[in-house]
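Quick note on numbering: the sequence shown equals residues 32 to 153 in the numbering used here. Glycine included, C-beta positions come from ideal geometry on N, C-alpha and C. One structure is given here, and the rest of the page talks about it.
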Amino acid sequence: MPDLAAIQNEYAALGVQVVGASADTISTRPKVLEFIKETRINFPVWLGATTEDMKRFGLGPALPGTVIVGRDGKILLVKPTVITAAELKKQLDGLLAADAKSVQREIASIRPEKVEASLVPS
32 MPDLAAIQNE
42 YAALGVQVVG
52 ASADTISTRP
62 KVLEFIKETR
72 INFPVWLGAT
82 TEDMKRFGLG
92 PALPGTVIVG
102 RDGKILLVKP
112 TVITAAELKK
122 QLDGLLAADA
132 KSVQREIASI
142 RPEKVEASLV
152 PS
């Protein structure tokens with residue numbers, strides 16, 4: 032969790048939002064909430080996530096797992112095992128770079144054609 036908190040801090044300004052999921056039950060929820068408070072997790076945590084919920088994201092019943100969801104809601108990466116901070120950063124950097132190139136292409140497509148102009152009268 033500390034790695035995810037650090038990633039949230041580092042990537043928040045780029046539009047990245049970390050969301051945790053806890054497969055807690057009513058009886059274990061107080062412990063989960065205490066853990067969240069003690070570790071000062073700086074991102075939202077989905078409490079009560081079920082096996083069926085995880086399957087919707089392409090994960091199996093075992094946790095931890097990592098899913099990256101794009102701005103459009105499409106699932107871009109499913110890693111059904113532990114992911115290192117370095118590996119997650121590499122994935123995020125690649126996706127953000129691709130997104131930036133896409134935006135640049137879109138901007139270029141709507142720019143008017145260059146017009147030769149001069150401040151010197153002809």
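Subject >> Beta-carbon proximity check, Leu109 vs Val100, cutoff 7 angstroms >> reply: Translated into positions along the sequence shown, residue 109 becomes position 78. Translated into positions along the sequence shown, residue 100 becomes position 69. Inspection of the sequence shows that residue 109 is occupied by Val rather than by Leu. Contact flag unset, no.
**OP:** Would you mind reading off the limits of the alpha helix (DSSP H) that contains Leu90?
**Re:** Taking the first residue of the sequence shown as position 1, residue 90 is located at position 59. From DSSP, Leu90 is part of no alpha helix (DSSP H); its letter is neither H nor E.
**OP:** May I ask which residues mark the beginning and end of the beta strand (DSSP E) holding Val47?
**Re:** Position 16 of the sequence shown holds residue 47. Run containing Val47: none; DSSP gives neither H nor E here.
**OP:** Just tell me which of Ala80, Ser58, Asn40, Leu94 has its CA closest to the CA of Asn73.
**Re:** Position 42 of the sequence shown holds residue 73. Measuring from the Cα of Asn73, the nearest candidate turns out to be Asn40.
Subject >> Whether Ala80 touches Ala52 by CB criterion (7 angstroms) >> reply: Position 49 of the sequence shown holds residue 80. Position 21 of the sequence shown holds residue 52. Yes; because the gap between Cβ atoms is below 7 angstroms, this pair is in contact.
Original post:
Would you call Leu45 buried or exposed, if buried means 16 or more other Cβ atoms sit within 10 Å of its Cβ?
Top reply: Here residue 45 is taken as the residue at index 14 of the sequence shown, counted from 1. Leu45 comes out exposed.
Original post:
Which residue or residues does DSSP assign as beta-bridge partners of Leu172?
Top reply: The structure shown does not extend to residue 172, since the chain spans only 32 to 153, so no value can be given for it.
Original post:
If you drop the 5 nearest sequence neighbours on each side, which residues of the same chain put their C-beta closer than 8 angstroms to that of Ile38?
Top reply: Within the sequence shown, numbered from 1, the residue matching residue 38 stands at position 7. Excluding residues within five positions, the ones whose Cβ falls inside 8 angstroms are Val47, Val49, Ala116, Leu119, Lys120, Leu123.
**OP:** Output the distance between the C-alpha atoms of Glu17 and Ile141, rounded to the nearest integer angstrom.
**Re:** What the structure shows of the chain is the stretch from 32 to 153, and residue 17 is not part of that stretch, so it cannot be assessed.
Original post:
Just checking my contact of Ala112 with Gly96 at CB under 8 angstroms: how many whole Å lie between their CB atoms?
Top reply: Residue mapping note: residue 112 aligns to position 81 of the sequence shown, counting from 1. Residue mapping note: residue 96 aligns to position 65 of the sequence shown, counting from 1. Position check: residue 112 holds Thr in this sequence, whereas Ala was assumed. Between Gly96 and Thr112 the Cβ distance is about 7 angstroms, and since that is below 8 angstroms, they are a contact.
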